[in-house]
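To convert, take the position in the sequence shown, counting from 1, and add 869; that gives the working numbering. Here a beta-carbon is modelled for each residue, glycine too, at the ideal position from N, C-alpha and C. The model shown is predicted, which means the values in this text are computed figures rather than measured ones. Data first, discussion second: the structure below is written as structure tokens.
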Amino acid sequence: MVTPELSDVPDSWPVASSAYEYDGDGWVVKLRADLVQRPGHPEEEPFKRLVVEHPGAAIVLAVDDEDRVLCLWQYRHAVGKRLVQLPAGLCDVEGEEPLHVARRELVEEGGHEAAEWVHLGSLHSSPGITEETAHYYLARGLTDVGRGDFEPRHEEAEMELGWVPVAELREAVVAGRLSDAHLAVAVLMAQARGLLER
870 MVTPELSDVP
880 DSWPVASSAY
890 EYDGDGWVVK
900 LRADLVQRPG
910 HPEEEPFKRL
920 VVEHPGAAIV
930 LAVDDEDRVL
940 CLWQYRHAVG
950 KRLVQLPAGL
960 CDVEGEEPLH
970 VARRELVEEG
980 GHEAAEWVHL
990 GSLHSSPGIT
1000 EETAHYYLAR
1010 GLTDVGRGDF
1020 EPRHEEAEME
1030 LGWVPVAELR
1040 EAVVAGRLSD
1050 AHLAVAVLMA
1060 QARGLLER
């Protein structure tokens, strides 16, 4: 057995047909059904795969001069929990760079601007079902600027903010007390790259 190269490789299998099962109803997410053909096997029937079309998101690990992380406590209906999360937002403006989304969301959700930005990575959230890519950033050199004219609605209207020491947050992630994947990924990636206090 030959082990393939340890790298993701662009690829595209033939799609016999494609149709929307849910067109977004005015929102940014759509559900598409594709009939996919395995390459080199024309005798096989195409198989159905559902794809959630998603514009992607930017997530911000904002760390202050006291090594505390800006966290949000927010209700998430799909999982029936109030989660500890990080400032984040959809990349739903055509042509907008993920870093710009991150900057905007840090102001709107967290009321802060940052002088220093480090791109931690861009990852596929759940590639078996969605094309969503999450872009992770570490933000430092924070300044409290308020939320401007942003008016929170729905779940965001009940959102609470707080500062959590890096060590406490990391321990809560590793212990399994916090279940938001984006928060866990951002904290552990920043730590693995030596960008957080030990």
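- Under DSSP, the beta-bridge partners assigned to Trp986 are Ala1008.
- Apart from the 5 residues on each side of it in sequence, Tyr891 sits with its Cβ closer than 7 Å to the Cβ of Lys899, Leu900 in its chain, given in chain order.
- For the pair Val929 and Ala971, the CB atoms are nearer than the 7 Å cut-off.
- Per DSSP, Val932 lies in no beta strand (DSSP E) and is assigned neither H nor E.
- With distances taken between CA atoms, Trp896 lies nearest to His923 out of His923, Val884, Leu968.
- Within the DSSP bridge table, the entry for His910 names no partner.
- Sequence-distant Cβ neighbours of Met1058 in its own chain, meaning closer than 7 Å and more than five residues away, are Leu989, Gly990, Tyr1005.
- Exposure of His969 is indicated by the presence of fewer than 16 other C-beta atoms within 10 angstroms of its C-beta.
- In the DSSP assignment, Gln1060 is bridged to no other residue.
- Cβ neighbours of Cys940 within its own chain (closer than 8 Å, five residues either side excluded): Val953, Gln954, Leu955, Leu1030, Gly1031, Trp1032, Val1033, Leu1038, Leu1052.
- In chain order, Glu1001 place their CB closer than 8 Å to the CB of Ser995, counting only its own chain and leaving out the 5 sequence neighbours on each side.
- DSSP places Pro879 outside both helix and strand once states are collapsed to three, so it counts as coil.
- Counting along the chain, the unbroken alpha helix (DSSP H) around Glu1040 starts and ends at 1035-1043.
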